[in-house]
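As given, the protein sequences belong to chains A and B, one line each in that order.
1 is the number of the first residue of the first sequence in our numbering; add one for each residue after it.
1001 is the number of the first residue of the second sequence in our numbering; add one for each residue after it.
Just below is one structure, and these are the notes that go with it.
Protein chains: 2
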Amino acid sequence: MAETSPRPPLATPAKSPPAEAAAHDRLYRVLRQQILVGELLPGQALTLRGLGKQFGLSMTPVREALRRLVAEGALTLSSSGRVATPELTNERIEELAALRALIEPELASRALPRAHLALIDRLSAINTVNAEAVAKRDAVAYIRTNLEFHRTLYLRAQAPAMLAVLETVWLQLGPTMRALYEKVPRNEPPRHHRLILAALRAGDEPGLRLAIRTDVTQGLRHLTG
Amino acid sequence: MAETSPRPPLATPAKSPPAEAAAHDRLYRVLRQQILVGELLPGQALTLRGLGKQFGLSMTPVREALRRLVAEGALTLSSSGRVATPELTNERIEELAALRALIEPELASRALPRAHLALIDRLSAINTVNAEAVAKRDAVAYIRTNLEFHRTLYLRAQAPAMLAVLETVWLQLGPTMRALYEKVPRNEPPRHHRLILAALRAGDEPGLRLAIRTDVTQGLRHLTG
DNA sequence: GCGCGGCATTTGTGATCACAAACGCGCATG
DNA sequence: CATGCGCGTTTGTGATCACAAATGCCGCGC
C-alpha cells in the first residue's frame, strides 16, 4: 500500500536538486505539525513499522523522529515502548495552561516595542481567517490559525529560546485541544484577539499582558471544568 | 575492539533479575546528568561511535539517546549532524535566565503551602553541602547541590509538567554554568538561599517569589555583563 | 615558507536482520 | 455462558552493514 515505487536498492532515492533535509527530520516535521494543529486525537497509537510503511522508510529514521517527539512531550511512551498521543489529566492541562499564561505575556511584552502597523495588519488578517474556520466548524483550521496568530506576534520578540519552550507546551496540548473542540465547538470568533490588537495599537503594555493572559486561560477553561 | 567479551550471539546479554531500563535510556540518563551538573564544557563534541565504544553499545541506542538530548536542547546539532554541547550566546543566556525567573517563582509559590519543617530541614542540609562545595572550589558539586536545592523545593509543588519544562532550561544552561564557574569561582555560599529558607519558614509568599527570582537572576548576572 | 588540492579517515544516515517481550484473539474448560 | 490459558502475531530494541558526505591531514607546487 505504501509502495508508490518498486523500491530500488538505493539508499536515498528521491534526491532531486532542491535542498532536502534528512528523512527522519522530514517525518519529524510532518508529525509535529499534525500533532500541533490537532490532526491526531488523544490516545492515538503510532507504530514504527506502520509509519515506516506509510512514508516509505525503514524503522531507523522513524524511531528517531518519534523519539524526538517523545522528548518534546508531543507523544507519550508507554512502559513497553509504545508511542501514542498524550491523554492529559486535568492537572496536567492546568499546568500547561499556567505555563502558557506565564510565558506568553512575557513574549508579547517583548514584541510590543517592535510591533509596527504592518505586523498588526498581518495579525488582523490571520484573525479573519480564524473567524472563517470558526464559521466552518473546522477544528484543525481553527487551532492552526489561532497558533499562527500568537506565533506571528511572538516572533517579533526576538526570543527564540522562549518561543521554542512555548511551542513544546503547545505541542503537548495539541491533541487535547482538538478533542476539546470536538466536544465544545467554538461558536464565536476569538473575542480576546481583538483586545490584543487594540492593546498593540495603543502600545498599552499592561493591557496587552492582561489580554494575552485572558485569551490563554479562557481558551482552556472548558477543559478543567 | 569494543569486545570486552567474546560477544555471544545474544541480543541482550546482561539481563539479571533487577529492573533494567533499555540501553539507550541508561545512556541518556548518564549523559543528561553529566550535562546538567556541568561535567561537560561548552563546545564539547560527542560522536556516535565514540560513545558506543565507551559504553559498549552499537550506534543505534547511542543515536537515540543523543537525539533525545538534542530535542531537549541539552545538545546542539551542527548542520552536518554532529552533536556537541551548546555554546550559548549572551542573548540566549538572558532568555533562559528569564524563563527561570518566570517559572521558578511560580513553582516555589505552589510548593509553599506544602512546605513543612521536614522539607525546610532537608533544604538546609543541602545548603550546607553546597557551602562545602564552594569552599572546595568544586564546580560540579556546587552546581549539583544548587540544582538539588531548587528541585527539592519544587517537587513539593506537585507540578511535574512545569518542573519538566524547567529542567530542560537547566539542561541548556549546564555547560555554560560550568564554564562560568571556571572563570569566576564562587567565593561565597549562596546568600539568597538563606532568604528563601526564611521566607519558607515565615510562609511569606511574596518574599519567597522575590528571593527565588533574585537568586536565579543574580547567579547568571556575571555572564551577560 | 606558504597555500591549496586530493585522498584516507571519520562520522552521520538509513536499511536490514535477529530476538524477546507484549498483545490479542480464539479455544478449551469449568 | 463466562473465564483463563496459550500460541500466533505484532512491535520495540539493538547489532551490523553499506553508503555518502564531511573532516582534516599530508604532501606537492609555487
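Idealized CB from N, CA, C, for every residue including glycine.
Cα-Cα separation, residue i to residue j
i, j, result
"B:E1095", "B:A1198", "28 Å"
"A:L119", "B:K1136", "53 Å"
"A:G73", "A:L31", "13 Å"
"A:I103", "A:R209", "10 Å"
"A:A11", "B:R1110", "The predicted position of A:A11 is uncertain, since its pLDDT is 36 and thus under 50; no value can be drawn from it."
"B:A1101", "A:A84", "33 Å"
"A:A227", "A:R82", "No information on residue 227 of chain A is available, as it lies outside the stretch 1 to 225 that chain A covers here."
"B:F1055", "A:A202", "59 Å"
"A:P13", "A:S78", "Only weak support exists for where A:P13 lies, its pLDDT of 37 falling under 50; the coordinates are left without a value."
"A:T152", "A:L123", "7 Å"
"B:P1160", "B:A1115", "17 Å"
"A:T89", "A:R221", "14 Å"
"B:P1113", "B:A1125", "21 Å"
"A:A179", "A:P42", "7 Å"
"B:Q1034", "A:N127", "46 Å"
"A:E91", "B:A1157", "12 Å"
"A:L117", "A:D204", "15 Å"
"B:T1047", "A:E20", "23 Å"
"A:F149", "B:R1026", "40 Å"
"A:G219", "B:K1183", "47 Å"
"B:M1177", "B:I1093", "10 Å"
"B:M1107", "A:D215", "Residue identity check: residue 1107 of chain B is Leu in the sequence provided, not Met. Spanning the two alpha carbons is a distance of roughly 22 Å."
8 Å Cβ cut-off: residues of chain A touching residue i
i, result
"B:E1106", "A98 and L102"
"B:M1228", "As displayed, chain B neither begins before 1001 nor continues past 1225, which places residue 1228 of chain B out of reach and without an answer."
"B:V1165", "L99, V165, T168 and V169"
Neighbourhood of residue i by C-beta, 6 Å cutoff - its chain only, sequence neighbours within 5 removed
i, result
"A:P86", "T76"
"B:A1133", "A1141, Y1142 and T1145"
"A:L166", "I103"
"B:P1189", "A1131 and V1134"
"B:Y1181", "A1139"
"B:G1174", "I1035, L1036 and G1038"
Close beta carbons around residue i, own chain, < 7 Å, minus the five adjacent residues each side
i, result
"B:W1170", "L1036 and L1147"
"A:A211", "H192, L195, I196 and A199"
"B:A1023", "L1057 and P1061"
"A:T217", "A97 and A101"
"A:P185", "R137"
"A:E39", "V140"
"A:R213", "A101 and P105"
"A:G207", "A199"
"B:R1049", "M1059"
"A:L99", "V169"
Coil, strand or helix - residue i by DSSP
i, result
"A:L46", "strand"
"B:T1085", "coil"
"A:L77", "strand"
"B:S1058", "coil"
"B:R1156", "coil"
"A:N127", "helix"
"A:V134", "helix"
"A:L119", "helix"
"B:L1027", "helix"
"A:V140", "helix"
"B:E1020", "coil"
"A:V70", "helix"
"B:E1094", "helix"
"B:G1038", "coil"
Boundaries (first-last residue) of the alpha helix (DSSP H) holding residue i
i, result
"B:Q1172", "P1160 to K1183"
"A:N187", "Careful: A:N187 lies outside any alpha helix (DSSP H) and carries neither H nor E."
"B:G1207", "E1205 to G1219"
Close Cβ partners of residue i (< 8 Å) along its chain, the five nearest in sequence each way excluded
i, result
"A:T168", "E72, G73 and A74"
"A:Y28", "E64, A65, R68 and L69"
"A:L155", "A111 and L163"
Neighbour list for residue i in chain A, Cβ cutoff strictly below 7 Å
i, result
"B:R1067", "E64, R67 and R68"
"B:E1072", "A71"
Chain B contact residues for residue i, given Cβ-Cβ distances below 8 Å
i, result
"A:R92", "P1160 and A1161"
Per-residue contacts from residue i into chain B (C-beta, under 7 Å)
i, result
"A:A199", "Per Cβ cutoff of 7 Å: no residues; A:A199 is ~20 Å from chain B at best."
Chain-ordered chain A contacts of residue i [CB-CB under 9 Å]
i, result
"B:A1135", "Those do not exist, as B:A1135 stays about 34 Å from chain A at its closest Cβ, beyond 9 Å."
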